[in-house]
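A.B. asks: In mature numbering (1 follows the signal peptide of the UniProt record, and there is no 0), the protein residues as written are -33 to -1, 1 to 541.
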Ligand SMILES: *[C@@H]1O[C@H](CO)[C@@H](O)[C@H](O)[C@H]1NC(C)=O
């Protein structure tokens, strides 16, 4: 009989070992921090990058139609792309230059979507029912209305398009942060009353509002004095909901160098974290924050913040430091490292199906913003594009690098994992309008990066059924928290060795990956359906609580010896 390896962890451990505070039990924190060093490497990959397949493979696959300033994975094969208002060459139905498309990763073609208001520097997050909420914007131009206070909805499906509540928010928000709360409601947090290079007290909007999943509009906005204390680098806050088993809505909130633990049910600060060492981490000294993979039974929430810069100077090398912290510990401390020796401002972070973190895009010096001077003689405020991704292993804390891209991805670029395991990379446009004849042009080329796990030569597993569903990715499969789901997988490998993970891709813009989560699942059992067959029945336990993985759309990835299935399956978790 063939042997199948799988992870079996008993769920009874879970209830027993969660601390009485309701927050997930913390492990002891490391005692010493490693020194911070400045990165001196940018441009092409340094010499220790392994070329070719071991370092992954880049391909230019298509054209995004509009510049990819904001994206969301909205189905197993589609990505919604949202630009700002600018003179893109394609037109929407009413004749205005298009600013949104729906990109198909199988055909590499797009369909033009229709919007009414300016979407410049907005954010998004999913309602628990599977509708994407998109909020904020900027001034009117090119036939578009002002969008500062707009709320927009997108529900994926045949012929789906945007709908909008003009002026729907309680106040104007440019550069707001967003998150899906455990309740399924959507938080819209902070922002500025108008566009700015860096925020100031005159335009700061130190409030948040919560959009109810049950329908209707927020009754009021809540004051957030933390956003006044942290001026001027306080836009696009990093938000991560913290796991707990008491149904609490607690999030880690971080801007500039300051982090707090905030209870959204009682509107109170529970804890202030020590100031993070190193430079500033928020716009225009833009860094990145990722919640590292959550693993049963403790789902210990370790946040890792990387990159940014120390000052708003073009020649200043980007921050080559990362800090990790578990904000739920009794006495949380930052554990610093050197970001793999490569400084980056405006990094994107993508959690890969293997649980390793891919850092890509951004620049080795400078800050986020448009170029200065005329298009024909631009002075770019971010320079030295970093073309080779850095890879971080959250378990060993080791860094490595993958093969470089050839396309600089500067201010306003994006990256996300897609259901087939590749990484979608697009965007870049450090100018106020379309300009293609430049060192850092308005960039429409879409790249796909295939990480080494897709190039091993090992046969990829195939998911053939999930629960009672045998037609996969024709609709979202509804599952509930804690449910044991039967998943049939075909393995072509000699000694199958499975992992099951659920990933929420969130909403990506300006180096923020709002609500991005990776949660490992317990595989409770695995058995061959027939003797000497390649079909294997796995019983996969869904994450137990909505504070661990937000309600709404997420994707089930099955890995066989670290090679992900040819297609992850879209779920609707509630
Ligand atoms: C989901 O909820 C939002 C907010 O109540 C609503 O606007 C949207 O139409 C709902 N979507 C679906 C698919 O029911």
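For glycine and all other residues, C-beta sits at the position ideal for the given N, C-alpha and C.
What you are looking at is a predicted structure, and each value in this text was computed from that prediction instead of being measured.
1. Ligand 1 and residue 396: does the residue's C-beta get closer than 6 Å to at least one heavy atom of that ligand?
2. Using the rule of at least 16 other Cβ atoms within 10 Å of the residue's Cβ for burial, across every protein chain shown, is residue 227 buried or exposed?
3. Sort out for me which residues DSSP pairs residue 540 with in a bridge.
4. Going straight from the alpha carbon of residue 356 to that of residue 497, what length do you get?
5. Any contact of the segment 278 to 297 with the segment 509 to 518, i.e. 3+ C-beta pairs under 8 Å?
6. Assign residue 18 to one of two classes, buried (16 or more other C-beta atoms within 10 Å of its C-beta) or exposed (fewer than that).
7. How do the segment 76 to 90 and the segment 422 to 438 stand: do at least 3 beta-carbon pairs fall below 8 Å, yes or no?
8. Just checking, does the segment 471 to 482 make contact with the segment 523 to 539 on the three C-beta pairs under 8 Å criterion?
9. Confirm, please, whether the CB-CB distance from residue 416 to residue 93 is below 7 Å.
10. Under 6 Å from any heavy atom of ligand 1, does the C-beta of residue 98 make it?
11. May I ask you to check if the CB of residue 147 is nearer than 6 Å to at least one heavy atom of ligand 1?
12. Unbroken alpha helix (DSSP H) runs of length 4 or more, entirely within the segment 269 to 338: which are they?
13. Once the 5 residues before and after residue 443 are set aside, which same chain residues still bring their CB inside 8 Å of it?
14. Give the C-beta separation of residue 505 and residue 454 to the nearest angstrom, bearing in mind that I take them to be a contact with Cβ-Cβ under 8 Å.
15. Tell me which residues share the same chain as residue 529 and place their Cβ nearer than 6 Å to its Cβ, disregarding the 5 neighbours each side in the sequence.
16. What is the rounded straight-line gap between the Cα of residue 86 and the Cα of residue 51?
17. When the Cα atoms are used, what is the spatial distance from residue 75 to residue 41?
18. On a CA-only basis, which of 500, 465, 472 is nearest residue 491? Give me that one, please.
19. Examine ligand 1 and report whether any of its heavy atoms sits within less than 6 Å of the Cβ of residue 94.
20. Helix, strand or coil for residue 542, going by three-state DSSP, please let me know.
21. Say whether the segment 104 to 121 touches the segment 43 to 60, bearing in mind that this needs 3 or more beta-carbon pairs closer than 8 Å, one atom from each stretch.
22. In chain order, what residues of the same chain lie with their CB nearer than 7 Å to the CB of residue 338, ignoring the 5 residues before and after it?
23. Heavy atom of ligand 1 less than 6 Å from the Cβ of residue 121, yes or no?
24. Could you tell me which residues DSSP puts in a beta bridge with residue 64?
25. Tell whether a beta-carbon distance below 7 Å holds between residue 152 and residue 174.
26. Could you pull out every residue in the same chain whose Cβ sits closer than 6 Å to the Cβ of residue 259, ignoring the five residues on either side in sequence?
27. With a CB to CB cut of under 7 Å and the five nearest residues on each side skipped, what residues in its chain are close to residue 527?
28. On the DSSP bridge list, what partners appear for residue 531?
29. Note down, in chain order, each residue of its chain lying with its Cβ closer than 8 Å to the Cβ of residue 487, except the 5 sequence neighbours on either side.
30. Would DSSP call residue 226 helix, strand or coil?
31. Tell me whether the beta-carbon of residue 509 lies closer than 7 Å to the beta-carbon of residue 439.
32. Return yes when the Cβ of residue 206 is within less than 7 Å of the Cβ of residue 159, no when it is not.
33. Where does residue 72 fall in DSSP's three states?
34. Apart from the five residues on each side of it in sequence, which residues of its chain come closer than 6 Å, Cβ to Cβ, to residue 380?
35. Relative to ligand 1, is the shortest distance from any of its heavy atoms to the C-beta of residue 91 smaller than 6 Å?
36. Could you tell me whether the segment 274 to 290 touches the segment 246 to 254, where touching means 3 or more Cβ pairs closer than 8 Å?
C.D. replies: This is what the structure gives:
1. False, no ligand heavy atom lies under 6 Å from that Cβ.
2. Classification for residue 227: buried.
3. By DSSP's assignment, residue 540 forms a beta bridge with 446, 519.
4. 43 Å
5. no
6. Since pLDDT at residue 18 reaches only 45, below the 50 mark, its modelled position is unreliable, and the value read off the structure follows with that caveat. When all chains shown are included, residue 18 counts as exposed.
7. no
8. no
9. no
10. yes
11. no
12. none
13. 97, 520, 537, 538, 539
14. 5 Å
15. 321, 420
16. 5 Å
17. C-alpha separation (whole angstroms): 15 Å.
18. Residue nearest to residue 491 within the set 500, 465, 472 is 465 (criterion: CA-CA distance).
19. yes
20. Because the chain spans -33 through 541 in this model, residue 542 falls outside it and cannot be assessed.
21. yes
22. 345, 346, 347, 348, 397, 398
23. no
24. 58
25. Cβ distance not < 7 Å, so residue 152 and residue 174 don't count as in contact.
26. Cβ neighbours of residue 259 beyond the five flanking positions: 269, 271, 361.
27. 428, 458, 460, 463, 464, 465
28. DSSP lists 526 as partners of residue 531.
29. -27, 260, 261, 262, 263, 322, 466, 467, 468
30. strand
31. No, the Cβ-Cβ distance between residue 509 and residue 439 is not below 7 Å.
32. no
33. Residue 72 falls in the coil class under three-state DSSP.
34. These residues qualify, in order along the chain: 328, 394, 395.
35. no
36. Below 8 Å, enough C-beta pairs join the segment 274 to 290 and the segment 246 to 254 to call them touching: three or more.
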